[in-house]
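Let me begin by presenting the structure, written as structure tokens, before commenting on it.
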Amino acid sequence: MIYQTPDLAKRALAAPSGCSALSWSAEDGSHFWGRNLDFNRLAEGTAMTFSPRGTVYHTRGCELEHSADAATRRTARFASLGVGILLPPAVPVLYEGVNERGLMGGQLYYRGFASYADEARPGTLAVQPPFFVSHCLSQCETVGEVARLIEKDVSFVSVPLLGAVPPLHWSFSDRTGETIVVEPDADGVRVYRNTIGVMTNSPGYGWHRTNLLNYAGLRDLDYDGASLGGEKQPQCFSGSGAQGLPGDWSSPSRFVRLAFLRQHAAQGRTEEEAAVRMLRLMESAAFPLGAVRVSEPGEPTALDAGVVPFDYTVYTAIYCAESLRAYWTTYDSPRVRSAGLAPLLGRAAPAQFPLAHPADFLDLTE
Numbered sequence: 001m002i003y004q005t006p007d008l009a010k011r012a013l014a015a016p017s018g019c020s021a022l023s024w025s026a027e028d029g030s031h032f033w034g035r036n037l038d039f040n041r042l043a044e045g046t047a048m049t050f051s052p053r054g055t056v057y058h059t060r061g062c063e064l065e066h067s068a069d070a071a072t073r074r075t076a077r078f079a080s081l082g083v084g085i086l087l088p089p090a091v092p093v094l095y096e097g098v099n100e101r102g103l104m105g106g107q108l109y110y111r112g113f114a115s116y117a118d119e120a121r122p123g124t125l126a127v128q129p130p131f132f133v134s135h136c137l138s139q140c141e142t143v144g145e146v147a148r149l150i151e152k153d154v155s156f157v158s159v160p161l162l163g164a165v166p167p168l169h170w171s172f173s174d175r176t177g178e179t180i181v182v183e184p185d186a187d188g189v190r191v192y193r194n195t196i197g198v199m200t201n202s203p204g205y206g207w208h209r210t211n212l213l214n215y216a217g218l219r220d221l222d223y224d225g226a227s228l229g230g231e232k233q234p235q236c237f238s239g240s241g242a243q244g245l246p247g248d249w250s251s252p253s254r255f256v257r258l259a260f261l262r263q264h265a266a267q268g269r270t271e272e273e274a275a276v277r278m279l280r281l282m283e284s285a286a287f288p289l290g291a292v293r294v295s296e297p298g299e300p301t302a303l304d305a306g307v308v309p310f311d312y313t314v315y316t317a318i319y320c321a322e323s324l325r326a327y328w329t330t331y332d333s334p335r336v337r338s339a340g341l342a343p344l345l346g347r348a349a350p351a352q353f354p355l356a357h358p359a360d361f362l363d364l365t366e
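Position 271, counted from 1, in the sequence shown is what our numbering calls 271; the numbers after and before it change by one each time, with no gaps.
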């Protein structure tokens with residue numbers, strides 16, 4: 001059954017939101033997964049967040065809302081690091097991240113298509129959609145385990161969190177390089193294995209994949225020129241091989257652009273070089289502030305801060321499965337920040353690192 005929500009949540013869920021996800025690799029064998037978060041707000045307290053082994057959490061309800069379902073109480077097998085918040089008393093909820101086994105992934109909006117059950121299937125664990133990333137990173141080592149978890153062990157339920165049931169779908173990748181897409185549709189939960197490594201927003205992954213046939217003529221090689229009316233027009237600019245590549249910020253256009261770049265862009269020899277190049281690729285799908293005015297901005301929740309009338313790329317974060325490092329930029333500070341999961345593994349308590357920083361400039365004349 002499609003989720004049912006109170007009026008406030010319906011207005012919040014009606015807010016359009018864009019996001020893009022991409023898996024990538026370096027010539028040295030490093031594997032990456034990353035995303036743009038495109039929205040008109042960010043929950044207060046959002047930061048790069050460390051979730052330690054042994055974290056106790058619930059997959060349905062939470063102590064903040066006095067709704068924690070004791071039957072869904074779990075303990076994290078693995079530590080993880082990613083962008084998220086700490087729900088009181090100190091429970092990390094990640095939007096995306098990497099765990100100590102190199103599993104990476106995150107959630108993106110799936111507006112108009114996401115469908116959740118009212119109750120869990122018999123014998124399965126009820127999971128509120130916003131808790132699914134944290135649950136997978138806490139319990140799974142590979143994308144294969146995520147797929148088996150969905151098939152046998154969990155059910156997505158339409159229980160509001162902070163007054164809303166967000167429409168989500170998910171992408172995960174690991175050290176094998178395989179990337180899967182998980183979509184809860186009206187006719188069931190679909191798990192796409194061995195995808196092309198790109199995900200944006202609605203429609204579903206299958207539609208986006210078929211839509212790529214409309215751009216089969218795109219290539220990275222310039223065309224030599226054209227002969228029209230017996231007159232030859234020589235080439236006078238670069239980039240003609242990609243003529244017809246869509247340039248707007250809609251979900252279908254971003255999917256096509258990232259699929260083209262994933263096929264043709266140079267990887268980078270090392271983790272650091274590949275990380276920088278991947279961040280550049282994500283810029284091709286980024287929303288400039290002021291270019292995407294939202295028609296239904298939605299009602300902010302109690303945790304939302306900095307609401308503006310535009311969707312924009314609030315941050316870009318990418319993760320490496322081998323080094324367990326996160327790299328990120330924010331809209332107001334393009335300097336690349338980094339944090340590592342490995343040095344944190346001995347900690348028993350959650351930790352957070354600031355996501356946003358003031359813009360800083362390197363003045364070479366000083």
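Yeah, the Cβ is synthetic: ideal placement off N, Cα and C, and Gly gets one too.
Fair warning: this is a prediction, and the values are worked out from it, not measured in the lab.
Check this for me: beta carbons of L81 and L341, under 8 Å apart or not?
yes
_Check for me: the beta strand (DSSP E) holding V143 runs from which residue to which?_
No beta strand (DSSP E) holds V143; the alpha helix (DSSP H) holding it covers V143 to R148.
Check whether the segment 63-76 and the segment 349-365 touch, using three or more Cβ-Cβ pairs below 8 Å as the test.
No, the segment 63-76 is not in contact with the segment 349-365.
Taking all protein chains shown into account, do 16 or more other C-beta atoms lie within 10 angstroms of the C-beta of G197, making it buried, or fewer, making it exposed?
-> G197 is buried by the Cβ-count criterion.
Proximity to A266 [Cα-Cα], best of F237, L281 and S253
L281
task = Please check if any C-beta of chain D sits within less than 8 Å of the C-beta of G244.
result = Judged by its chain identifiers, the structure shown contains no chain D, having just a single protein chain.
task = Express the C-alpha separation of L218 and A242 in angstroms, rounding to a whole number.
result = 5 Å
Original post:
Under 8 Å between the Cβ atoms of F78 and L137?
Top reply: yes
Contact under 8 Å by Cβ, W170 with V157: In terms of Cβ geometry, W170 and V157 do not form a close pair [threshold 8 Å].
| Beta bridge counterpart(s) of K152 as assigned by DSSP | Bridge partners of K152: none, in fact.
Report yes if the CB atom of L289 is closer than 8 Å to the CB atom of Y327, and no otherwise. no
How would you call R193, buried or exposed, if buried means at least 16 neighbouring beta carbons within 10 angstroms? exposed
Q: Less than 8 Å between the CB atoms is what I'm expecting for T301 and A90, so what's the real figure, rounded?
A: 20 Å between Cβ atoms; not a contact.
Residue ranges of each alpha helix (DSSP H) run of no fewer than 4 residues wholly in the segment 185-267, ordered along the chain? 205-211 and 251-264
Sort R111, G112 and Q128 by Cα distance to E119 and report the nearest one. It is Q128 whose Cα lies nearest to the Cα of E119.
G61 to P160 span [Cα, whole Å]:
Rounded to the nearest whole angstrom, the CA to CA distance from G61 to P160 is 9 Å.
- Query: Grouping DSSP H, G and I as helix and E and B as strand, with all else coil, what is C320?
  - Reply: Correct three-state label for C320: strand.
Can you tell me the Cα-Cα spacing of F287 and D311, whole angstroms? Taking C-alpha positions only, F287 is separated from D311 by approximately 7 Å.
Figure out for me which residue from G204, G102 and L324 has the closest Cα to the Cα of S338. L324
Tell me whether the segment 18-33 and the segment 312-319 touch, counting them as touching only if at least three CB pairs, one residue from each stretch, are closer than 8 Å. Short answer: they touch.
- Query: For N99, does the count of other Cβ atoms within 10 angstroms reach 16, so buried, or fall short, so exposed?
  - Reply: buried
Using the rule of at least 16 other Cβ atoms within 10 Å of the residue's Cβ for burial, across every protein chain shown, is L364 buried or exposed?
exposed
- Would you list the residues sitting across from C136 in a DSSP beta bridge? Beta-bridge pairing links C136 to no other residue.
- Query: What is the residue span of the alpha helix (DSSP H) that A274 lies within?
  - Reply: E271 to E283 is the extent of the alpha helix (DSSP H) around A274.
| task | Below 7 Å CB to CB, which residues in the same chain sit around D185 once its five sequence neighbours on both sides are set aside? | result | F113, S115 and G204
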